[in-house]
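K.L.:
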Amino acid sequence: MVLALVAGLVSGCGTDPGPVCGAVVDSTGYADPVTSRNDVGSELPEFAKGCDWIGFAAVTGSSESSTCRADPAPIAATRTENPDGDPVVEDRVRARRITQVLPRAVELLDCPKEGRGSDVLGALRYAVKQLSALRQPDRGHRLIVFSDLVNNHGDLDVGKLDLSEAARGRKIEELRHARLLPDLSGYAVVVHGFLRGKKSAPARFPLLESFWREAFEAAGTSSVDLL
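The opening position of the sequence shown corresponds to residue 0 in numbering that gives the first Met the number 0, with each subsequent residue numbered one higher.
1. For A217 versus L180, is the C-beta spacing smaller than 8 Å?
2. Should the stretch 13-30 be regarded as contacting the stretch 138-147, the criterion being three or more beta carbon pairs within less than 8 Å?
3. Helix, strand or coil for I97, going by three-state DSSP, please let me know.
4. Unbroken beta strand (DSSP E) runs of length 3 or more, entirely within the stretch 29-103: which are they?
5. Taking only three categories from DSSP, how would you classify R252?
6. Can you give the Cα-Cα distance for T77 and R138, rounded to whole angstroms?
7. Is V149 helix, strand or coil by DSSP?
8. Taking the alpha-carbon of S35 as reference, which of H191, A200, V223 has the nearest alpha-carbon?
9. Helix, strand or coil, according to DSSP, for L273 in the structure here?
10. Ends of the beta strand (DSSP E) at S222?
11. Find out if the Cβ-Cβ distance for the pair S62, G121 is shorter than 8 Å.
12. Among D182, R212, V119, which residue has its Cα nearest to the Cα of Y29?
13. Determine the DSSP secondary structure at L207, reduced to helix, strand or coil.
14. State whether the stretch 63-74 contacts the stretch 38-53, with contact taken as three or more CB pairs (one from each stretch) at a distance under 8 Å.
15. Taking V188 as the reference, give the member of K112, V127, A104 with the closest Cα.
16. Would you mind stating whether S209 and R169 have Cβ atoms separated by less than 8 Å?
17. Return helix, strand or coil for L155, following the three-state DSSP convention.
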């Protein structure tokens, strides 16, 4: 499905190619508070307006092998749809297609529980795999993540993590060596709902923020916001 959409994207109209984007939606405990659903509803459509294409990934207990999937959404008009590069036609096509983005994300938010724990890293890796076929030097890359980032699956359980500076560095290097960090080189990343709903050990929160910032930096991000 992704490869079938690549040709349409790379032949799109406009003076400059827009970013290719990804949306990661957490269907685990993060999805329970109404504020999470509100974030997806208010933030995702605005985010999508700046994209030419957007792929999706769900955080489940086993994100990379999950059956919880949503088709990517091309947003920019193709040359077939807009052969003359008419900005009015472009805007009309984009406005129609952006309406397809939110329902796909809500599907992921409402996925049935699957596996144990929360595999955030797996969802990030799956999102990057989708976008990798479209990566071009002149095209930006953006990722919006709706998740508390409370990964407690596989080789990363943030609830049990030693958060001292040296230990954080060792864990990130371990994840990189095992190829568990996604390749986010050049990606601008924004996370909505960081640590939402987590009430235990609040003294660890600043250290968890440091861990994730360092992990995203090690993965190559150009910027990261934890909101």
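C-beta atoms are modelled at their ideal positions from N, C-alpha and C, and glycine is treated no differently.
If you're wondering where the values come from, they're calculated on a predicted model, not measured in any experiment.
P.N.:
In short, the structure shows the following:
1. yes
2. yes
3. helix
4. Runs found: 52-58.
5. The question about residue 252 has no answer here: the residues shown for the chain are numbered 0 through 226.
6. 16 Å
7. coil
8. Minimum Cα-Cα distance from S35 among the listed residues H191, A200, V223 corresponds to H191.
9. This structure leaves residue 273 out entirely; the chain is present only between 0 and 226.
10. 222-225
11. yes
12. V119
13. helix
14. When Cβ pairs closer than 8 Å are counted between the two stretches, the stretch 63-74 is seen to touch the stretch 38-53, the count reaching three or more.
15. V127
16. no
17. strand
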